[in-house]
Amino acid sequence: MAHLIKQEQDKHLKFVLNQPEEVLIEFCKLAIDYINNGINEKKCTAASKNLETTFDTVKSCVEALVCLLIDCTKLHITEEDFRSLGTLNFSPEQIAILWQFVSSKRTLVETILKQSADNELHFRDLEWRLEAKVASRALHRQTTPVIAMKLHLDSEVVNEHKEKLDQESTVAAGETRKEVLLQTDPTSLVHLIQVLEQALIDSKTHRVRNFVKSFQK
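Numbering follows full-length UniProt numbering, in which position 195 of the sequence shown is assigned residue number 195; successive positions increment by one, without gaps.
And the structure:
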């Protein structure tokens with residue numbers, strides 16, 4: 001559990017955890033409000049004045065709590081796992097407050113995550129072409145060719161064959177599809193390919209597979 005809290009997130013949480021327990025409870029309420037309605041600038045400003053700190057500090061603490069809630073929900077963290085926060089110098093009282101916050105809003109977050117996943121765009125097809133200028137003596141430098149790409153994305157997981165794309169009606173396609181146009185130079189494209197290839201290699205490691213399995217439970 002402790003490894004889920006990133007260094008930057010831990011720094012923001014430490015601020016609120018150095019406050020009285022009543023303040024932690026109020027910050028949990030602000031985090032719930034954040035999930036439902038976005039950041040409440042009025043309440044965050046009032047909290048920053050009461051605690052004699054900045055608005056950004058309060059906002060970062062609230063966002064850190066929201067991240068904690070989302071991560072715990074995604075990974076189905078149990079109460080026993082949650083108690084390991086004690087290794088990060090969280091007091092038993094603070095852990096109890098945070099667990100109440102996490103467990104009480106788990107269903108809400110699961111619903112939001114499911115809705116987000118339903119609208120997630122997936123890769124379906126790629127078109128590309130090489131764009132280059134014809135050589136000319138008027139140019140004083142060598143031109144760099146540009147690779148233009150069109151990504152076909154779809155929120156519906158279907159057959160990825162290109163002929164399938166052409167056969168479906170335009171009206172139905174507009175509801176789920178999106179096209180993204182990109183341009184890049186050869187050097188950047190090579191770097192992008194190397195990063196993606198390394199990501200594919202990393203995805204086959206036991207560490208990543210175990211992490212992915214925890215999301216699929």
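For glycine and all other residues, C-beta sits at the position ideal for the given N, C-alpha and C.
- Looking only at DSSP bridge pairs, what is Asp-154 linked to? The residue given as residue 154 occupies position 154 in the sequence shown. Answer by DSSP bridge pairing, in chain order: His-122 and Arg-177.
- Which of helix, strand or coil does DSSP assign to Ala-46? Translated into the one-based positions of the sequence shown, residue 46 becomes position 46. Ala-46 falls in the helix class under three-state DSSP.
Return the chain-ordered list of same chain residues with a C-beta closer than 7 angstroms to the C-beta of Trp-99, the five sequence neighbours on each side being excluded.
The count along the sequence shown starts at 1 and reaches residue 99 at position 99. So the qualifying residues of the chain are Glu-79 and Phe-82.
Notebook entry, point to check: Looking at the unbroken alpha helix (DSSP H) that takes in Thr-73, where does it start and where does it end?
Noted result: Mapped onto the sequence shown, residue 73 falls at position 73. Element bounds for Thr-73: 55-74.
| query | According to DSSP, what are the bridge partners of Arg-148? | reply | Position 148 of the sequence shown holds residue 148. Looking at the sequence itself, residue 148 is Ala, so the reference to Arg does not match. Looking at the DSSP assignment, Ala-148 forms a beta bridge with Arg-129 and Gln-183.
Could you check where the alpha helix (DSSP H) with Glu-26 kicks off and where it finishes? What you label residue 26 is simply residue 26 of the sequence shown in a count that begins at 1. Where Glu-26 is concerned, the enclosing alpha helix (DSSP H) stretches over 21-37.
| Is the distance from the Cβ of Thr-143 to the Cβ of Asp-185 below 8 angstroms? | Here residue 143 refers to the residue found at position 143 when the sequence shown is read from its first residue. Here residue 185 refers to the residue found at position 185 when the sequence shown is read from its first residue. Contact: no.
- Kindly give me the distance between the Cβ atoms of Glu-179 and His-152, rounded to whole angstroms, as I take these residues to be in contact under 8 angstroms. As a position in the sequence shown, residue 179 is number 179, starting the count at 1. As a position in the sequence shown, residue 152 is number 152, starting the count at 1. That belief holds up - the Cβ atoms of Glu-179 and His-152 are roughly 6 angstroms apart, short of 8 angstroms.
For Lys-162, which residues from the same chain have a beta carbon less than 8 angstroms from its beta carbon, with the 5 sequence-adjacent residues on both sides left out? Taking the first residue of the sequence shown as 1, we reach residue 162 at position 162. Bear in mind that a pLDDT of 49 at Lys-162, under 50, signals an unreliable position, so the number given afterwards is only what the model happens to contain. Cβ within range, chain order: Asp-125.
**Q.** Which of helix, strand or coil DSSP assigns to Ser-188
**A.** By 1-based counting over the sequence shown, the position of residue 188 is 188. Helix.
(Q) Which of the three DSSP states is assigned to Leu-51 in this structure? (A) Here residue 51 refers to the residue found at position 51 when the sequence shown is read from its first residue. DSSP places Leu-51 in coil when its eight states are reduced to three.
**Prompt:** Would you report the Cα separation of Leu-182 and Ser-103, rounded to the nearest angstrom?
**Reply:** For the purposes of this step, residue 182 is taken as the residue at position 182 of the sequence shown. For the purposes of this step, residue 103 is taken as the residue at position 103 of the sequence shown. Between Leu-182 and Ser-103, the C-alpha separation is close to 42 angstroms.
Ala-96: which of Glu-110, Leu-24 and Leu-189 sits nearest, CA to CA? As a first step, residue 96 must be located in the sequence shown, where it is residue number 96. When only C-alpha atoms are compared, the closest one is Leu-24.
ask   = If you draw a straight line from the C-alpha of Val-16 to the C-alpha of Lys-42, how long is it?
value = As a working mapping, residue 16 is identified with position 16 in the sequence shown. As a working mapping, residue 42 is identified with position 42 in the sequence shown. Cα to Cα, the separation comes out at about 18 angstroms.
Discussion item. Taking 8 angstroms as the threshold (C-beta atoms), are Thr-176 and Asp-202 in contact?
Written reply: As a position in the sequence shown, residue 202 is number 202, starting the count at 1. As a position in the sequence shown, residue 176 is number 176, starting the count at 1. Not in contact: Asp-202 and Thr-176 (Cβ atoms no closer than 8 angstroms).
Q.
Going by DSSP in three states, Lys-114 sits in which element: helix, strand or coil?
A. Taking the sequence shown and counting its residues from 1, one reaches residue 114 at position 114. Three-state result, Lys-114: helix.
query = From which residue to which residue does the alpha helix (DSSP H) around Gln-100 run?
reply = Walking along the sequence shown from the start, residue 100 turns up at place 100. First-last of the alpha helix (DSSP H) with Gln-100: 92-104.
Query raised in the report: What three-state label does DSSP hand Arg-209 in the structure shown?
Result: By one-based count along the sequence shown, residue 209 stands at place 209. Residue state, collapsed to three classes: helix.
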